[in-house]
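Heads up, the thing below is written out as structure tokens.
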Amino acid sequence: MAESRSSDTTGKAWFHDIYNEPDPRAYFRRLAPLEYEIPHHAQEVFRRTRAERGALGTDGGEGPVTVLDVCCSYGINAALLNHDVSLAELYAHYTGPEADSLTTTELIGRDKEFYASRRRADATPAIGLDAADNATRYALAVGLLDEAYAEDLETASPSLPLRRALGRTGLITVTGGVGYVTHRTFEALLEWTRRPVWVSAFVLRTFSYGQVAASLEAHGLTTRTDTSRTYPQRLFTTVAEQRAAVERVLLAGDDPAGLEADGRYHTRLYESRPSPV
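Just so you know, we're using full-length UniProt numbering here: the sequence shown kicks off at 1 and counts up by one.
Pasting the structure below:
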């Protein structure tokens, strides 16, 4: 299994060295052996949620919904949301011998054609937010994102262009980013949203979503989750990482049996929507 270069205080491995390369090849090569799969599970969830949110429009009529993906990385969620492609195909696309032989510039040219040919008829505007400037630049260059913002809202307020983008946002998504970002990022986002906004978040069971849910509640959003349903994220990198995850799950009052105890991180889906009047 691939090893990370560092870990946080929870014992979770963080792959800092692959998150901000000029293109996503190292990202997919590193995560493939770990069977990183949460974007696959999010694909249909986000499509369904986008359709439900889009049906509301701005004034009760149907209309496209702009999606803002938090911790968007190389635009993988946008690729899966707006294109006829699977996560397995993306692994093959970026880890195969043809990809290895290309320069980043050549890869960008190939990817522009690849994604354009698979663009779905129901594709909607996609905005990406991530502190990794190289990753967001790549996603923008190949057409996965309509707008990209390399900003850290844990430490700074949104820029004026991002504030304007938030005014057009109807759905905020995140897969695994909670832990990298906290309630501070969500508070900064919700301060500038104008349309009725929904939030759809996959969160590792080793992290609490309580503070984020409380911040969303303060902005009129009620958060719900199905405690009986989990979604696998990836294999553990080491026995120590697994042990730390099991301990945190137990401390949270959850049962790791058949889940983290069997060798994988698991997430829970949290859906936040405007509270009933």
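All C-beta atoms in this analysis are idealised placements derived from N, C-alpha and C, irrespective of residue type, glycine included.
Which of helix, strand or coil does DSSP assign to Leu102?
Correct three-state label for Leu102: coil.
Using 8 Å as the cut-off, can you tell me whether the segment 215-233 makes contact with the segment 187-207, which would need three or more C-beta pairs spanning the two stretches below that distance?
Yes: the two stretches touch, three or more of their Cβ pairs being nearer than 8 Å.
Flag this pair as touching only if the segment 102-112 and the segment 80-91 have three or more C-beta atom pairs under 8 Å; answer yes or no.
Contact fails: fewer than three Cβ-Cβ distances are below 8 Å.
Give me the DSSP bridge partner(s) of Ser272.
Partner(s): Val199, Thr223.
Rounded to the nearest angstrom, what separates Arg25 and Pro276 at their Cα positions?
For Arg25 and Pro276, the distance between alpha carbons rounds to 44 Å.
Could you give the uninterrupted runs of the alpha helix (DSSP H) lying entirely in the segment 130-185, keeping only those of 4 residues or more?
Counting whole runs of 4 or more residues, the segment 130-185 contains the alpha helix (DSSP H) stretches 133-141, 160-166.
Does the distance from the CB of Glu260 to the CB of Ser200 come in under 9 Å?
In this structure, Ser200 does not lie closer than 9 Å to Glu260 by Cβ.
Would you check if the segment 141-148 and the segment 170-177 touch, i.e. whether three or more CB-CB distances between them fall below 8 Å?
The segment 170-177 is not in contact with the segment 141-148.
Looking at C-alpha atoms only, which residue of Arg205, Leu269, Ala257, Pro97 is the closest neighbour of Lys12?
Measuring from the Cα of Lys12, the nearest candidate turns out to be Arg205.
Look at the alpha carbon of Thr223 and the alpha carbon of Thr267, and state the distance between them as a whole number of angstroms.
Looking at the two C-alpha atoms, the distance is approximately 16 Å.
Taking only three categories from DSSP, how would you classify Tyr265?
Of the three classes helix, strand and coil, the one that applies to Tyr265 here is strand, per DSSP.
Could you tell me whether the segment 123-143 touches the segment 65-78, using the rule of 3 or more Cβ pairs below 8 Å?
With the cut-off at 8 Å, the segment 123-143 and the segment 65-78 touch.
Cutting at 6 Å between CB atoms, please list the residues of its own chain near Gln43, excluding the five before and the five after it.
So the list reads Leu80, once near-sequence residues are dropped.
DSSP state of Arg194, grouped into three classes?
Coil at Arg194, not helix or strand.
Excluding the 5 residues preceding and the 5 following Arg273 in the sequence, name in chain order all residues of the same chain whose CB lies nearer than 7 Å to its CB.
Cβ neighbours of Arg273 beyond the five flanking positions: Trp198, Leu221, Thr222.
Looking only at C-alpha atoms, which of Glu52, Val67, Leu251, Val203 sits nearest to Ala165?
Considering only alpha carbons, the answer is Val67.
Report buried or exposed for Thr155, applying the criterion of at least 16 other Cβ atoms within 10 angstroms of its Cβ.
Thr155 comes out exposed.
Identify which residue in Asp262, Ala240, Ala123 has its Cα closest to the Cα of Gly46.
Contrary to the premise, residue 46 reads as Phe rather than Gly in this sequence. Per the Cα distances, Ala123.
Look at the Cβ atom of Val181, then the Cβ atom of Leu269, and state whether they are nearer than 9 Å.
It is not a contact, given that the beta carbons lie outside the stated cut-off.
Let's test the definition: count the other Cβ atoms within 10 Å of the Cβ of Glu241 and tell me whether it reaches 16, buried, or not, exposed.
Buried, because 16 or more other Cβ atoms sit within 10 Å of the Cβ of Glu241.
Could you say which of Ala55, Asp69, Ala116 lies nearest to Asp84 if we only look at CA atoms?
Out of Ala55, Asp69, Ala116, Ala116 has the C-alpha closest to the C-alpha of Asp84.
Once you ignore the five residues that flank Arg168 on each side, which residues in its own chain have a CB closer than 6 Å to its CB?
Here the set comprises Thr66.
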